[in-house]
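A.B. asks: Just so we're aligned, residue 12 is where the sequence shown starts under the numbering used here, counting upward by one. Each residue gets a CB set at the ideal place from its N, CA and C atoms; glycine is no exception. Treat the numbers as computed from the prediction; the structure is a model and nothing was measured.
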Amino acid sequence: MRTIQTRSLKRQRLRVLYVEAALGYGGSGKSLVELVRSIPDIDARILAGFPIADFVTEADSVEVEVNPALVRLRDASAGRLISYVDLLCYTARWIRAIKRSARRHRADIVHANNGIALNLAAIIACRSLGVPLVVHQRGWEERTQRFSLARTLLGRARVIAISEAIADDLSTLGIAHESVSQIYDVVIPPLKPFEDSPRAPGPWRVAMHGVLNRWKGHDTFLSAAALLNARRPGEFLFRIAGMPLSGDDEYGRFLHSRARELNVEQIVHFDGFVRDIYEWLSSVDISVHASTHAEPLGRVIVEAQLAGRPVIAARGGGANELVESGVTGLMFEPGSATELANAIERLASDAHLRKQLAASAEELTRSRFDQVRLAASVRRVYDEIIPSRDTLAD
Numbered sequence: 012m013r014t015i016q017t018r019s020l021k022r023q024r025l026r027v028l029y030v031e032a033a034l035g036y037g038g039s040g041k042s043l044v045e046l047v048r049s050i051p052d053i054d055a056r057i058l059a060g061f062p063i064a065d066f067v068t069e070a071d072s073v074e075v076e077v078n079p080a081l082v083r084l085r086d087a088s089a090g091r092l093i094s095y096v097d098l099l100c101y102t103a104r105w106i107r108a109i110k111r112s113a114r115r116h117r118a119d120i121v122h123a124n125n126g127i128a129l130n131l132a133a134i135i136a137c138r139s140l141g142v143p144l145v146v147h148q149r150g151w152e153e154r155t156q157r158f159s160l161a162r163t164l165l166g167r168a169r170v171i172a173i174s175e176a177i178a179d180d181l182s183t184l185g186i187a188h189e190s191v192s193q194i195y196d197v198v199i200p201p202l203k204p205f206e207d208s209p210r211a212p213g214p215w216r217v218a219m220h221g222v223l224n225r226w227k228g229h230d231t232f233l234s235a236a237a238l239l240n241a242r243r244p245g246e247f248l249f250r251i252a253g254m255p256l257s258g259d260d261e262y263g264r265f266l267h268s269r270a271r272e273l274n275v276e277q278i279v280h281f282d283g284f285v286r287d288i289y290e291w292l293s294s295v296d297i298s299v300h301a302s303t304h305a306e307p308l309g310r311v312i313v314e315a316q317l318a319g320r321p322v323i324a325a326r327g328g329g330a331n332e333l334v335e336s337g338v339t340g341l342m343f344e345p346g347s348a349t350e351l352a353n354a355i356e357r358l359a360s361d362a363h364l365r366k367q368l369a370a371s372a373e374e375l376t377r378s379r380f381d382q383v384r385l386a387a388s389v390r391r392v393y394d395e396i397i398p399s400r401d402t403l404a405d
């Protein structure tokens with residue numbers, strides 16, 4: 012005979028399986044790793060769908076299991092649209108992988124990173140296993156058949172929205188307000204605040220960092236570099252840190268070609284993947300965020316603010332929550348190289364404004380992105396969903 016027991020898990024250590032279904036290591040993966048490191052009283056395992064060495068290294072002491080199902084899908088669909096057959100095969104493989112890992116880990120809860128539609132497999136797996144699910148919504152959703160199916164199957168799952176903009180978007184798509192918690196990403200700050208030292212002599216060092224993705228605005232950044240080089244030759248250097256998404260090396264080649272086309276290859280440096288972003292930012296005078304589409308949050312903005320760098324950001328989405336133009340940074344119209352160049356020139360010409368914007372942003376961001384408080388908020392979501400689970404005992 013089986014009896015039903017309800018587990019009281021108040022501050023009890025939880026076994027959490029984190030599912031990362033992205034095709035490469037970018038801001039979402041980094042945010043997941045920093046969250047896992049910060050949440051108290053959990054035994055964590057990360058199930059990743061891509062064999063990216065940097066992801067495993069960043070995870071440090073967290074157990075990471077790599078299942079290549081997503082990589083096979085990417086390779087099968089290279090250069091063409093993904094067929095329904097590919098998608099069904101991938102989904103079936105990924106469901107099996109999630110169920111196997113959840114059983115091996117004896118997971119109390121599954122936390123699926125990135126979004127609802129992308130995590131259809133995790134939603135199906137958790138319904139099959141009867142394991143509570145949290146979906147971390149890090150991007151915009153579209154009204155696709157896949158999203159509609161995933162939304163229907165969500166059931167009592169909880170959704171964490173990384174910004175107010177994302178929470179509002181989910182509401183318009185029919186996700187119940189009571190199932191959504193808006194919690195900013197955990198962004199671990201530098202070990203100690205940067206000293207307010209005088210700027211080193213030489214050209215102004217203007218920089219972008221983050222994954223090299225086609226909507227991140229690198230072309231706008233390069234075009235602004237060309238404008239400033241024409242106006243004030245020799246006064247600016249531009250740096251880009253980051254790698255393309257797995258399988259999109261063509262975009263990296265395009266950026267190098269574009270720099271040559273604009274005749275700025277001598278003043279634009281591509282620094283590749285940077286492990287210690289705060290050390291890299293310490294050598295930067297002005298940090299730029301240039302996304303051409305609305306940003307779900309804008310982790311690169313937060314990192315620059317925590318490093319005490321003055322920020323220029325493209326308007327839209329989560330960036331509007333992080334930057335108040337003229338108070339904690341400057342903003343420009345997405346895609347406008349002229350507005351961006353003007354903002355860079357303005358900061359380079361006004362030391363008081365640079366210092367004021369950087370100091371105001373750093374103070375606000377350290378409070379808003381407090382690591383302990385945000386991690387505790389996620390843990391509370393776990394505690395709220397776990398007690399509703401009935402555990403079958405022999």
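If you drop the 5 nearest sequence neighbours on each side, which residues of the same chain put their C-beta closer than 8 Å to that of A128?
C.D. replies: Closer than 8 Å at Cβ, skipping near neighbours: E152, E153, T155, R157, F158, A161.
A.B. asks: Do H229 and L223 come within 9 Å of each other at the CB atom, strictly closer than that value?
C.D. replies: yes
A.B. asks: I'd like the span of the alpha helix (DSSP H) that includes V389, first residue to last.
C.D. replies: 382-396
A.B. asks: Is the beta carbon of I288 closer than 9 Å to that of V217?
C.D. replies: no
A.B. asks: Measuring alpha carbon to alpha carbon, tell me which residue in D381, G126, L364 is nearest D180.
C.D. replies: Nearest in C-alpha terms to D180, of all of D381, G126, L364, is G126.
A.B. asks: Do you know whose CA, among S190, E356, K227, lies nearest G253's CA?
C.D. replies: K227
A.B. asks: State the start and end residues of the unbroken beta strand (DSSP E) segment that holds S298.
C.D. replies: 297-300 is the extent of the beta strand (DSSP E) around S298.
A.B. asks: According to DSSP, simplified to helix, strand and coil, what is Y195?
C.D. replies: coil
A.B. asks: Can you tell me which of the three DSSP states N78 falls into?
C.D. replies: coil
A.B. asks: How would you write the range of the beta strand (DSSP E) that I120 sits in, first residue to last?
C.D. replies: 120-125
A.B. asks: Taking buried to mean at least 16 other C-beta atoms within 10 Å of its own C-beta, is Q23 buried or exposed?
C.D. replies: exposed
A.B. asks: What is the rounded straight-line gap between the Cα of G185 and the Cα of V334?
C.D. replies: Cα to Cα, G185 sits roughly 28 Å from V334.
A.B. asks: Could you check where the beta strand (DSSP E) with R216 kicks off and where it finishes?
C.D. replies: Counting along the chain, the beta strand (DSSP E) containing R216 begins and ends at 215-220.
A.B. asks: Quick one: give me the first and last residue of the beta strand (DSSP E) that I312 is part of.
C.D. replies: Premise fails: I312 lies in the alpha helix (DSSP H), 310-317, not in any beta strand (DSSP E).
A.B. asks: So N240 packs on V295, CB below 8 Å; how close in whole Å?
C.D. replies: Not really, about 18 Å apart at Cβ, beyond 8 Å.
A.B. asks: In the structure shown, what three-state DSSP assignment does Q23 receive?
C.D. replies: If DSSP states are grouped into helix, strand and coil, Q23 belongs with coil.
A.B. asks: Spell out the partners DSSP gives R56 in its beta bridges.
C.D. replies: L28, E74
A.B. asks: Alpha carbon to alpha carbon, what distance is there between S371 and E356?
C.D. replies: 20 Å
A.B. asks: So, for S139: in the same chain, excluding its five sequence neighbours on each side, which residues have a beta-carbon less than 7 Å away from its beta-carbon?
C.D. replies: K110
A.B. asks: Using 9 Å as the threshold, is the C-beta distance between G37 and L364 below it?
C.D. replies: no
A.B. asks: Going along the chain, which residues of its own chain have a beta-carbon closer than 8 Å to the beta-carbon of H188, five neighbours each way excluded?
C.D. replies: S182
A.B. asks: Quick one: measure Cβ to Cβ for G309 and G329, integer angstroms, because I've assumed they're closer than 8 Å.
C.D. replies: 5 Å
A.B. asks: With 16 other CB atoms within 10 Å as the buried threshold, where does D361 fall?
C.D. replies: exposed
A.B. asks: Got a sec, what are the start and stop residues for the beta strand (DSSP E) I135 sits in?
C.D. replies: No beta strand (DSSP E) holds I135; the alpha helix (DSSP H) holding it covers 131-140.
A.B. asks: Looking at the unbroken beta strand (DSSP E) that takes in I355, where does it start and where does it end?
C.D. replies: Per DSSP, I355 belongs to no beta strand (DSSP E); it is in the alpha helix (DSSP H), 348-359.
A.B. asks: Is the CB-CB distance between I57 and Y29 below 9 Å?
C.D. replies: Cβ distance < 9 Å, so I57 and Y29 count as in contact.
A.B. asks: I need the straight-line Cα distance from G283 to V322, nearest angstrom please.
C.D. replies: Take the alpha-carbon of G283 and the one of V322: they are about 21 Å apart.
A.B. asks: Do A325 and G346 have their C-beta atoms closer together than 9 Å?
C.D. replies: yes
A.B. asks: Given this structure, state the Cα-to-Cα distance separating R269 from A168, to the nearest angstrom.
C.D. replies: 45 Å
A.B. asks: Which residue or residues does DSSP assign as beta-bridge partners of V145?
C.D. replies: H122, R169
A.B. asks: Restricting to Cα atoms, I'd like to know which of A386, I278, S112 is closest to G245.
C.D. replies: I278
A.B. asks: What span of residues does the beta strand (DSSP E) with A330 cover, start to end?
C.D. replies: No beta strand (DSSP E) contains A330, which is instead part of the alpha helix (DSSP H) from 330-333.
A.B. asks: Would you say V146 reaches chain D, if we count a Cβ-Cβ gap shorter than 9 Å as a contact?
C.D. replies: Absence of chain D from the displayed structure is noted, only one protein chain being present.
A.B. asks: Are T303 and T231 touching if we call contact CB-CB under 9 Å?
C.D. replies: yes
A.B. asks: For S192, collect the residues of the same chain with a Cβ closer than 8 Å to its Cβ; drop the 5 residues on either side in sequence, then sort them by chain order.
C.D. replies: R169, V170, I171, A172, S388, V392
A.B. asks: So what does DSSP say about E246, is it helix, strand or coil?
C.D. replies: coil
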